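Participant: Once you've had a glance at the structure underneath, I'll fire off some questions.
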Amino acid sequence: MFWPFTLPALIAYAVLFLAPVGFAFWTSLYKWDGMSPMQWRGLRNYQQLFEDPVFRTSLTNTLELMFIGGSITFVISFALTLVLREMRAKLFARSVLFFPSLINGMVFGIAAGFLFSPSGPVNQALRFVGVTTPPQWLSSDNLIPMIIGTLVWTATGYYTSIIMAAVDQIPPYLYEAAELDGANAFQRFRHITLPCAWDVISVCAVLWTVSSVKIFELILLFGGSSGGGYPPAQSWNTALYVYAEAFPQATIPRLGTATAAAIVSLLMVTVVTLVLRRLMRRDPIEY
């Protein structure tokens with residue numbers, strides 16, 4: 004009875020995922036513009052990638068978005084979880100926190116661009132309190148911190164809501180017993196909430212790992228020019244690098260290099276996910 008139930012899902016998985024990945028890997032071994040005959044290059048596309056300083060910068064930026072952005076997001080989510088569990092109106096607060104995840108990220112990119120523009124409200128407020136030369140928030144050097152800040156802004160409520168859903172399943176008597184023993188709010192979070200919700204937190208970490216590599220529109224929105232140009236290369240991540248290689252503005256498409264970069268991104272996500280799952284593995288808690 005196993006195969007009749009699983010075979011349709013396996014076929015769909017093979018057609019929609021394994022076959023495209025296999026074709027992408029095969030394409031990454033060739034020089035190809037999508038129209039002319041394919042020219043065999045073997046692993047030279049991968050060698051060229053790691054010799055390209057733009058790709059190395061893109062890879063570094065992707066890891067920064069993944070680890071720095073993820074660390075900030077989960078620290079804030081844990082702090083909000085600590086506060087929300089003690090609130091009376093926690094359902095309303097969770098709804099408010101979750102609302103940003105329902106809106107397209109580009110809306111927040113536009114909002115951040117307005118708030119932090121040279122003549123925007125943030126700089127106006129700084130000038131009002133005596134800062135004569137406000138920071139150039141949207142300069143090339145500050146694009147990655149601004150993108151990380153926007154990601155944290157949009158993602159914190161989403162992961163807080165997921166973690167709080169797990170916290171709601173924890174029996175209240177565990178917290179009551181801890182209060183009787185004199186544990187404060189942080190100690191209850193550390194010794195009850197965190198261990199009991201650990202499986203859900205590990206899933207959230209994997210979700211963040213996957214989503215952080217796919218960030219595209221925010222970088223394009225923050226750094227792109229009004230004439231449709233690409234952002235400065237120092238703000239690229241691997242997703243934007245793949246797009247720029249596949250759809251260059253002044254040269255022919257380089258689909259072999261683009262798919263090689265995509266395969267490297269896929270391998271990076273796979274490795275980080277496996278390491279995370281290994282490091283965050285815990286014995287299940289029964290209550």
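Under this note's numbering, the first residue of the sequence shown is numbered 4, with each subsequent residue one higher.
For every residue, glycine included, the Cβ atom is placed at its ideal position computed from N, Cα and C.
The structure displayed is predicted, hence computed values, not measured ones.
Quick check on Q172: does DSSP put it in helix, strand or coil?
Facilitator: coil
Participant: Note down, in chain order, each residue of its chain lying with its Cβ closer than 7 Å to the Cβ of G37, except the 5 sequence neighbours on either side.
Facilitator: Around G37, the same chain offers P256, L258 as residues with beta carbons nearer than 7 Å, after the five sequence neighbours per side are excluded.
Participant: Pick from P138, M109, R59: whose alpha carbon is nearest that of G123?
Facilitator: P138
Participant: Under the assumption that A242 contacts I218 (Cβ atoms under 8 Å), give the Cβ distance between them as a whole number of angstroms.
Facilitator: 6 Å
Participant: In the DSSP output, which residue or residues are listed as bridge partners for Y33?
Facilitator: W43
Participant: Just to confirm, is the Cβ distance from R272 to V206 under 8 Å?
Facilitator: In the sequence as presented, Arg is not what sits at residue 272; that position holds Val. No, the Cβ-Cβ distance between V272 and V206 is not below 8 Å.
Participant: Within 8 Å (strictly less), CB to CB, does P256 reach chain D?
Facilitator: The structure shown contains no chain D, having only a single protein chain.
Participant: Where does L223 land, buried or exposed, given buried means 16+ other C-beta within 10 angstroms?
Facilitator: buried
Participant: What is the rounded straight-line gap between the Cα of I165 and the Cα of Q51?
Facilitator: 41 Å
Participant: Could you tell me how far apart the beta carbons of T60 and Q237 are, in whole angstroms, since I believe they sit closer than 8 Å?
Facilitator: 6 Å
Participant: Taking the alpha carbon of T378 as the reference point, which residue from P121, D144, L141, P103 has its own alpha carbon closest?
Facilitator: Nothing about residue 378 can be reported from this structure: the residues present for the chain run from 4 to 290 only.
Participant: Drop a sphere of 10 angstroms on the beta-carbon of L94, count the other beta-carbons inside from all chains shown, and report buried for 16 or more, exposed for fewer.
Facilitator: exposed
Participant: Buried or exposed: R191, going by 16 or more other Cβ atoms within 10 Å of its Cβ?
Facilitator: buried
Participant: Cβ of K262 within 8 Å of Cβ of S39?
Facilitator: It should be noted that the sequence gives Thr, not Lys, for residue 262. Against a cut-off of 8 Å, the Cβ pair of S39 and T262 comes out as no contact.
Participant: State the DSSP-derived secondary structure class of Y246, mapped to helix, strand or coil.
Facilitator: helix
Participant: Identify, in the order they occur along the chain, each residue of the same chain with its Cβ nearer than 7 Å to the Cβ of T153, setting aside the five sequence neighbours on each side.
Facilitator: Closer than 7 Å at the Cβ level, and outside the excluded window around T153, lie F111, G112, A115, L221.
Participant: Considering only heavy atoms of the ligand NAD, does any lie closer than 7 Å to the CB of A247?
Facilitator: With respect to the ligand NAD, the structure shown offers nothing to examine, as it has no ligands at all.
Participant: Give every residue of the same chain whose Cβ lies closer than 6 Å to the Cβ of V57, excluding the five residues on either side of it in the sequence, and list them in chain order.
Facilitator: Same-chain partners within the cutoff: A236.
Participant: Give the range of the alpha helix (DSSP H) segment to which W6 is assigned.
Facilitator: 5-16
Participant: Counting only the same chain and skipping the five closest in sequence on each side, list residues whose C-beta sits under 6 Å from that of W201.
Facilitator: These residues qualify, in order along the chain: R285.
Participant: With 16 as the cutoff for other CB atoms within 10 Å, does R130 come out buried or exposed?
Facilitator: exposed
Participant: Alpha carbon to alpha carbon, what distance is there between V170 and R88?
Facilitator: 8 Å
Participant: For the candidate residues N126, Y161, M283, L197, whose alpha-carbon lies nearest to that of F102?
Facilitator: The shortest C-alpha separation from F102 is found at Y161.
Participant: Expressed to the nearest angstrom, what Euclidean distance is found between the alpha-carbon atoms of F48 and Y233?
Facilitator: According to the sequence provided, residue 48 is Asn. The question's Phe does not apply to it. Roughly 22 Å separates the two Cα atoms.
Participant: Considering only the beta carbon of each residue, do T159 and T76 sit closer than 8 Å?
Facilitator: yes
Participant: Tell whether a beta-carbon distance below 8 Å holds between A264 and V245.
Facilitator: yes
Participant: My assumption, with CB atoms under 8 Å, is that I151 sits in contact with L68. Please give the rounded CB distance.
Facilitator: Confirmed, about 6 Å.
Participant: Does G133 pass the burial test, meaning 16 or more other C-beta atoms within 10 Å, or should it be called exposed?
Facilitator: exposed
Participant: My guess is that R280 and V209 are in contact by the Cβ rule of under 8 Å, so how many angstroms apart are they, rounded?
Facilitator: 7 Å
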